[in-house]
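Written out below as structure tokens is the structure these notes cover.
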Amino acid sequence: MNPDLSGFQDSKCGPCQVRERDSSPQYWCMSCEEGLCEECYGHHKAIKLSRNHSVVPIETFETLRSFISSFQTECHIHDSPLELYCPSHETPCCAKCTAMNHARCLGITLFHTFVSDLKTSEKMVNLDKSIGITLENIDELIENRGNNLEQLEINSNNESKVSGIRKEIDEILNALEIKLLSKFQTSLENQKTEIQRVMSELKEKRKAIVDYRNNLTHLKLSGTDTQVFHGMKQIGDVILDESNALNSMLKTQAMKETDVEIEKKDTMKDIISGVLDVIVRKMDSKVILKEMKNETTCQIVKGLTNTKFSREASCI
Ligand SMILES: [Zn+2]
Ligand SMILES: [Zn+2]
Ligand SMILES: [Zn+2]
Ligand SMILES: [Zn+2]
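Sequential numbering of the sequence shown, starting at 1, is according to the UniProt record's numbering.
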């Protein structure tokens with residue numbers, strides 16, 4: 001905190017305070033760094049020595065006060081005013097610092113001489129431009145984010161999209177249902193046909209063997225012994241063959257216990273859930289920030305203040 005501002009903190013007119021009078025200041029003289037009541041302001045303006053001082057209404061000063069108080073106007077090593085300026089280091093410095101640290105620096109000038117034309121300097125013009133460009137950039141970014149927000153609001157009405165997807169899923173499921181039913185029916189028919197085929201094969205075998213049995217019965221009743229011998233031999237061979245054939249038949253697909261059913265895999269729920277999800281998509285910003293050409297603004301401000309505000313405003 002600049003100690004020169006302590007007078008203001010008492011909220012009293014500086015000249016009045018010296019004369020042990022008590023009046024509140026309406027103005028602030030930037031040059032004298034003290035408050036002025038209405039009456040003293042009149043004198044201040046009239047006197048030749050202070051006629052050209054920068055005097056502002058106290059409200060104006062109020063808004064600038066904390067900013068100005070952050071300026072480093074004294075050397076904190078030597079506690080003396082920064083009254084000289086080193087152009088090589090681009091910094092104001094006190095007499096002792098100048099002797100110790102800037103002995104070889106060229107062009108050391110009085111600080112107030114160096115700053116005398118800053119208000120109208122090219123550097124000030126550039127700083128103004130840079131501030132303008134930075135504000136434009138910020139405005140563009142705000143507008144860009146605002147547009148994005150609007151877009152999100154528009155997209156937030158997703159009911160029609162969801163019902164569209166729902167319809168698509170329904171269509172897929174309907175087609176799947178038809179395909180499934182048809183496949184089921186075909187498989188069922190194929191299996192039935194196979195069973196029927198094997199059944200008629202067995203029935204034919206049965207009929208043939210019944211015929212043999214009838215023949216054998218007749219031979220037993222009225223055939224000759226020779227006929228019985230040949231009949232038994234033939235039928236015995238046939239029965240042996242059939243017995244082997246039945247054993248082989250039992251091992252074929254046609255004899256297996258058959259069932260046709262619709263298979264539902266355990267992963268069905270996972271697969272269906274995995275197909276749909278919500279994602280956040282991020283794409284690079286299309287905003288192109290305007291650039292500032294000069295660095296001189298940065299340098300001049302670095303030399304004059306040590307506040308974060310000034311650096312950010314000009315050196316981005
Ligand atoms: Zn006064
Ligand atoms: Zn003054
Ligand atoms: Zn110093
Ligand atoms: Zn220097």
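The beta carbon of each residue, even a glycine, is placed where N, CA and C say it ideally should be.
Residue 56 bridges to which residues according to DSSP? 28
For residue 50 and residue 44, I'd like the C-alpha separation in whole angstroms. 6 Å
Under 7 Å: does the beta carbon of residue 44 sit that close to some heavy atom of ligand 2? yes
Less than 7 Å between the CB of residue 37 and some heavy atom of ligand 2, yes or no? no
For the alpha helix (DSSP H) containing residue 242, name the first residue and the last one. 225-250
Check for me: the alpha helix (DSSP H) holding residue 15 runs from which residue to which? 14-18
So, under 8 Å CB-CB, residue 91 and residue 81 are touching, yes? Tell me the CB distance rounded to an integer number of Å. That belief does not hold up - the Cβ atoms of residue 91 and residue 81 are roughly 14 Å apart, past 8 Å.
Using three-state DSSP, classify residue 107 as helix, strand or coil. coil
Quick one: what's got a C-beta closer than 6 Å to residue 114's C-beta in the same chain, skipping five residues either side? 85
Candidates 95, 54, 65, of which the one nearest residue 75 by Cα: 95
Between the region 209-217 and the region 233-246, are three or more C-beta pairs nearer than 8 Å? yes
Which of helix, strand or coil DSSP assigns to residue 37: coil
In whole angstroms, what separates the C-alpha of residue 132 from that of residue 161? 44 Å
Per the DSSP calculation, residue 85 is bridged to which residue(s)? 92, 109
With DSSP run on the structure shown, which of helix, strand or coil describes residue 261? coil
I'd like to know whether the C-beta atoms of residue 144 and residue 287 end up nearer to each other than 8 Å. yes
Residue of 205, 231, 203 minimising C-alpha distance to residue 216: 231
Nearest CA to the CA of residue 329: which residue from 148, 121, 78? The structure shown does not extend to residue 329, since the chain is modelled only from 1 to 316, so the question has no answer here.
Under the three-state reduction of DSSP, which class applies to residue 291: helix, strand or coil? coil
Quickly, what does DSSP pair residue 74 with across the bridge? List them, please. 81
Rounded to whole angstroms, how far is the Cβ of residue 292 from the Cβ of residue 130, which I believe are closer than 8 Å? 5 Å
How about residue 31 and residue 53: are their beta carbons less than 8 Å apart? yes
Anything with a beta carbon under 6 Å from a heavy atom of ligand 4 counts; list them all in chain order. 86, 88, 89, 102, 105
Can you tell me the Cα-Cα spacing of residue 229 and residue 221, whole angstroms? 14 Å
To the nearest whole angstrom, what separates the beta carbons of residue 16 and residue 23, a pair I think is in contact under 8 Å? 5 Å
Out of 19, 65, 100, point me to the one whose CA is closest to residue 27's CA. 65
Run of the alpha helix (DSSP H) containing residue 199, from where it starts to where it stops: 159-222
Examine ligand 2 and report whether any of its heavy atoms sits within less than 7 Å of the Cβ of residue 112. no
Cα separation between residue 169 and residue 257? 37 Å
Please report how far the alpha carbon of residue 218 lies from the alpha carbon of residue 180, in whole angstroms. 57 Å
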